[in-house]
Amino acid sequence: MVITVTYIKLRSPWKFFRLSLFGFKVQKQLKSEKGFIKLKNTGFGKDHYTLTAWESEGDLKRFSKSGEHAIAMRSSKELSTEIRIYTYNADSLPGWKDAKHLVFKHGKILNFS
0 MVITVTYIKL RSPWKFFRLS LFGFKVQKQL KSEKGFIKLK NTGFGKDHYT
50 LTAWESEGDL KRFSKSGEHA IAMRSSKELS TEIRIYTYNA DSLPGWKDAK
100 HLVFKHGKIL NFS
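If you read the sequence shown in numbering that gives the first Met the number 0, its first letter stands for residue 0, the second for the next number, and so on.
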């Protein structure tokens, strides 16, 4: 399966409410996406993480550029100062400790300072 770990550093803790609204809409979209396997998320304050599992990279890419997820991505600069994304193949989902290590060690960095 294809795993994507995302880290979002919010501009302020108050941006969490907007992030949550986007998250709710994206979760609704995910439920009907072809190839979607699992979503996990965690976070506190300004630091938030998502982990998704997909049947294929094609399924992941199609989702990432469509619907509510695409709308949310256009607000990245307003919501966050940094986003890190790491995608890789695995047989099982990582725990949060490993997922956070991977996204900070290998993740593509988008800065919006």
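Positions of the beta carbon are idealized from the N, C-alpha and C atoms, including for glycine.
All of these numbers come straight from a predicted model, not from anything done at the bench.
- DSSP places Arg83 inside the beta strand (DSSP E), whose first and last residues are 79-88.
- Sixteen is the threshold: since fewer than 16 other Cβ atoms of the shown chains lie within 10 Å of the Cβ of Trp13, the residue is exposed.
- Going by beta carbons, Ile7 and Ile108 fall outside the 8 Å limit.
- If you draw a straight line from the Cα of Ser112 to the Cα of Ser31, it comes to about 34 Å.
- Residue pairing of Lys107 in beta bridges, as defined by DSSP: Ile84.
- Look at Lys37 here: in three-state DSSP terms it is strand.
- When secondary structure is reduced to three states using DSSP, Lys30 falls in the coil class, being assigned neither helix nor strand.
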